[in-house]
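Asks: Residue numbering for the sequence shown follows the working numbering, starting at 53 and increasing by one per position.
Got a structure for you, questions after.
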Amino acid sequence: MEVALRIVSFPSFSKNGNSQELGRKTSLVSSALPETAASVAIAATIVGAAATLLVRRTKASEVTELRLKECGDCAGSGICSECNGEGFVLKKLSEESAEKARMASKTLATRYTAGLPKKWSYCSKCSSARSCSTCGGRGKLSY
Numbered sequence: 053m054e055v056a057l058r059i060v061s062f063p064s065f066s067k068n069g070n071s072q073e074l075g076r077k078t079s080l081v082s083s084a085l086p087e088t089a090a091s092v093a094i095a096a097t098i099v100g101a102a103a104t105l106l107v108r109r110t111k112a113s114e115v116t117e118l119r120l121k122e123c124g125d126c127a128g129s130g131i132c133s134e135c136n137g138e139g140f141v142l143k144k145l146s147e148e149s150a151e152k153a154r155m156a157s158k159t160l161a162t163r164y165t166a167g168l169p170k171k172w173s174y175c176s177k178c179s180s181a182r183s184c185s186t187c188g189g190r191g192k193l194s195y
């Protein structure tokens with residue numbers, strides 16, 4: 053492989069811009085084909101190795117995914133099914149109690165709101181963590 057060399061000259065000025073110190077500088081410029089070919093070969097090797105590692109990791113993750121099944125409690129959402137991820141549960145009135153409260157109310161506004169739940173408590177299933185306690189909020193269970 054031959055390397056082509058060229059001599060290039062260009063005008064040069066002093067640092068203070070004085071034109072009296074005008075001179076010529078010469079520089080040797082070489083063709084960079086051998087270095088370019090080597091760098092391309094190295095880059096191709098690195099890219100090939102990275103692609104191989106990526107394929108191996110993808111295959112390993114596919115095997116891991118096959119061993120997981122959907123959580124039955126949260127149906128794969130990872131959210132607590134009892135409180136719907138709110139962390140608290142409203143205490144519902146029975147139909148009879150709600151009907152009695154509606155009949156006893158004096159105005160239309162209180163007739164509507166009388167049957168609605170007024171008390172609440174923290175979710176006992178997830179302890180107010182809002183995520184499914186069975187799968188830990190992931191939505192998947194391992195066999």
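Glycine is no exception: its CB is placed at the ideal position from the N, C-alpha and C atoms.
So for residue 53, helix, strand or coil by DSSP?
Replies: Residue 53 sits at position 1 when you count from the first residue of the sequence shown. Below a pLDDT of 50, predicted positions are generally treated as unreliable, and residue 53, at 47, falls in that range; the measurement from the model is reported next regardless. Coil.
Asks: How would you write the range of the alpha helix (DSSP H) that residue 152 sits in, first residue to last?
Replies: Within the sequence shown, numbered from 1, the residue matching residue 152 stands at position 100. Where residue 152 is concerned, the enclosing alpha helix (DSSP H) stretches over 147-156.
Asks: Quick test of your reading: residue 8 and residue 130, contact by CB under 8 Å. State the CB separation rounded to the nearest angstrom.
Replies: Because residue 8 is not part of the residues shown, which for the chain are 53 to 195, the question remains open.
Asks: Please state the DSSP three-state secondary structure of residue 177.
Replies: Residue mapping note: residue 177 aligns to position 125 of the sequence shown, counting from 1. Residue state, collapsed to three classes: coil.
Asks: Report the option in 136, 106, 169, 135 whose CA atom is closest to the CA atom of residue 151.
Replies: Translated into the one-based positions of the sequence shown, residue 151 becomes position 99. The option with the nearest alpha carbon to residue 151 is 169.
Asks: So, helix, strand or coil for residue 111, using DSSP?
Replies: The residue given as residue 111 occupies position 59 in the sequence shown. Residue 111: helix per DSSP, three-state reduction.
Asks: Looking at the ligand NAD, does it come within less than 7 Å of residue 151, judged from the CB to the closest heavy atom?
Replies: The ligand NAD is not part of this structure, which contains no ligands at all.
Asks: Measure the CB-CB distance between residue 123 and residue 177 and report whether it falls below 8 Å.
Replies: Within the sequence shown, numbered from 1, the residue matching residue 123 stands at position 71. Within the sequence shown, numbered from 1, the residue matching residue 177 stands at position 125. No. Outside cutoff.
Asks: Taking just the CA atoms, how far does residue 88 sit from residue 181?
Replies: As a working note, residue 181 is residue 129 in the sequence shown. As a working note, residue 88 is residue 36 in the sequence shown. Rounded to the nearest angstrom, the two C-alpha atoms are 58 Å apart.
Asks: Let me check understanding here. Comparing Cα to Cα, which of 105, 102, 104, 136 lies closest to residue 175?
Replies: Along the sequence shown, one-based indexing puts residue 175 at 123. When each option's Cα is compared against that of residue 175, the closest is 136.
Asks: Alpha carbon to alpha carbon, how far is residue 143 from residue 119?
Replies: Counted from its first residue, the sequence shown places residue 143 at position 91. Counted from its first residue, the sequence shown places residue 119 at position 67. Roughly 39 Å between the two C-alpha positions.
Asks: Beta carbon of residue 167, beta carbon of residue 156: below 8 Å?
Replies: Position 115 of the sequence shown, counted from the first residue, corresponds to residue 167. Position 104 of the sequence shown, counted from the first residue, corresponds to residue 156. Their beta carbons are not under 8 Å apart, which means residue 167 does not touch residue 156 by this criterion.
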